[in-house]
Structure formats: structure tokens, C-alpha cells
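Have a look at the structure below, then the notes.
Numbering (my numbering), first residue to last: 21 to 263.
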């Protein structure tokens, strides 16, 4: 579904932010992207979406991420931003959800059918005509996910999806993510959420992959995480202290 082939990028032409990244994400995989601040997670996401252009090659569903393919690429990828206020820009949830499908050429009737299906799937029908500025943080995050699902992407990218959520809304987001059949790439500092939602983890440090493997193994490796300026997930810290 997603492939990076020796991808590098530098903002200033001298200091690489990501360097010689090569990895593949298969269809249906749920992959956590972790690393300390400045590791290159956000840059990797922007390269994947074609917002930045580096060296090497990136493919999405077999299509190279180049200018002439960007419309098709972005129809395959749904991106849930860290700050939902930057994503929900229309007055109501309904208007935000129908905007993407309509701009991709769907009829109003088909777009509305998608909106209603997604809202029902996520148990959010009550939010359909709510004004975005009146939503709670958790409601807005769920509405942002619904907006992306209405476009029926093949893969979903999420940037810090649990930021600023209370425990109840955080669990709702985790349940929602786990129920999605799409390929998922989730960038987060919330390692407990990554442990709950991802089967595989890619650990970045200084723009390079330092570990790529089963989430449970990497997220239990205290020495590896601390060497890369991270700590064990909270749910595992007591276990290691007792050990």
C-alpha cells in the first residue's frame, strides 16, 4: 500500500531531516510511527502526501508520489490532523463531511448517503448538524475522523490522534481506530495508544529508522526507548519497576 525507497529530505539543502528511509506498509496493516521531537515523523507524513518533495521514491498503491499523481494519491490517503480546528473549517459537521466527496465528483445524493453511513457507523448521527465551534474536543476529533472516512480512503494517516482528549474520548478514538479496516499509519508520542492500536512500530531517530518490528517487542524495550529519548508506555512502567 505504501512504499518508501531510499527517501531523503532536507529543508535547507544541507542537514537531512529524513535520510535514506526505506520501508513498506502492506494493505490492512496498522503501523505506529514513533520517535522524539524532531525525529522526522511529521516530515515523513508530508512527503507521503506530496506536500514536500525529496529524493528517492515514494509509492502509494503502486503510484509514484509525483505532481501529476497527487489528486489520485490524495484520494487514496485520508489525513487526520493533530489539531482538529485546522481540519474542520466549515460551519457544521455535515458541511465538512460532504465537502470532500462532492469535490471528488460524487453526486449530492451519493455524498449524503456516505455521510449518513459513516455517522451511523461511528454513532455520531446526533452531531450531523452541530456547529463545529460548539463541539467538545473529543466530539471534534471524532467528527474529523468521520470527515476522512466519508471520502473512503484506502489508507488513513493520523498525527497525534489522542492529543488533548480526556480518558473517555481517548478510549472512544482507540475503539474507532481499531474498528477501521483501512491501512493505518499513526504518528504519536502516546505510546500506550500505539500499543493499543498498532501491530507494528517504526521508530525514527534523527531522520533514520532505528527499529521496525512488532509493536509489543519494541514498546517493551526500555533500553531502546530511553536511548532514543522516550519512555515505556505508562501501562508497562509498573511492570518493569516490579521486575
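Backbone N, C-alpha and C define an ideal beta-carbon position, used for all residues, glycine too.
Since this is a predicted model, take the numbers as computed values, not measurements.
Non-local C-beta neighbours of residue 124 in its own chain, meaning closer than 8 angstroms and more than five positions away in sequence, comprise 95 and 171, ordered along the chain.
Under a 10 Å Cβ-count criterion, residue 255 is classified as exposed, with fewer than 16 other Cβ atoms of the shown protein chains found around its own Cβ. The criterion of a C-beta distance shorter than 8 angstroms is satisfied by residue 157 and residue 184. Counted as a single uninterrupted DSSP element, the alpha helix (DSSP H) harbouring residue 119 occupies residues 113-123. One thing to note: residue 65 has its Cβ no nearer than 8 angstroms to the Cβ of residue 232. For the pair residue 25 and residue 202, the Cα-to-Cα distance works out to about 22 angstroms. Counting C-beta pairs with one atom in each stretch, the region 64-81 and the region 36-43 have three or more that are closer than 8 angstroms, which means they touch. If you draw a 10 Å sphere on the C-beta of residue 109, you find fewer than 16 other C-beta atoms in it, and that means exposed. In this structure, residue 218 and residue 235 form a Cβ contact; the two beta carbons are roughly 5 angstroms apart against a cut-off of 8 angstroms. Here residue 34 is not bridged, per DSSP, to any residue. Residues of the same chain with a CB within less than 6 angstroms of the CB of residue 216, apart from the 5 flanking positions on each side, are 194 in chain order. Taking a cut-off of 8 angstroms for Cβ pairs, the region 48-62 and the region 141-160 do not touch, as fewer than three such pairs fall below it.
Fully enclosed beta strand (DSSP E) runs of no fewer than 3 residues occupy 175-179, 203-207 and 220-225 of the region 153-226, in order along the chain. Counting along the chain, the unbroken beta strand (DSSP E) around residue 228 starts and ends at 228-234. Of all alpha-carbon atoms in 113, 214 and 244, the one lying nearest the alpha-carbon of residue 138 is that of 113.
Taking all protein chains in view, the Cβ of residue 107 is crowded by 16 or more other Cβ atoms within 10 Å, so the residue is classified as buried.
By the neighbour-count criterion, in which a residue is buried when 16 or more other Cβ atoms sit within 10 angstroms of its Cβ, residue 144 is buried. Counting the other Cβ atoms within 10 Å of the Cβ of residue 168 gives 16 or more, which makes it buried. Cβ contact annotation for residue 46 (same chain, cutoff 7 angstroms, sequence separation greater than five): 21, in chain order. Burial check for residue 70: the Cβ neighbour count within 10 Å reaches 16 or more, so the residue is buried.
Taking 8 angstroms as the cut-off, the beta carbon of residue 122 is found closer than this to the beta carbon of residue 128.
Collapsing the DSSP output to three states places residue 53 in a strand. Residue state for residue 138 is assigned as helix, using DSSP reduced to three classes.
With 16 or more other Cβ atoms from the protein chains shown falling within 10 Å of its own Cβ, residue 159 counts as buried.
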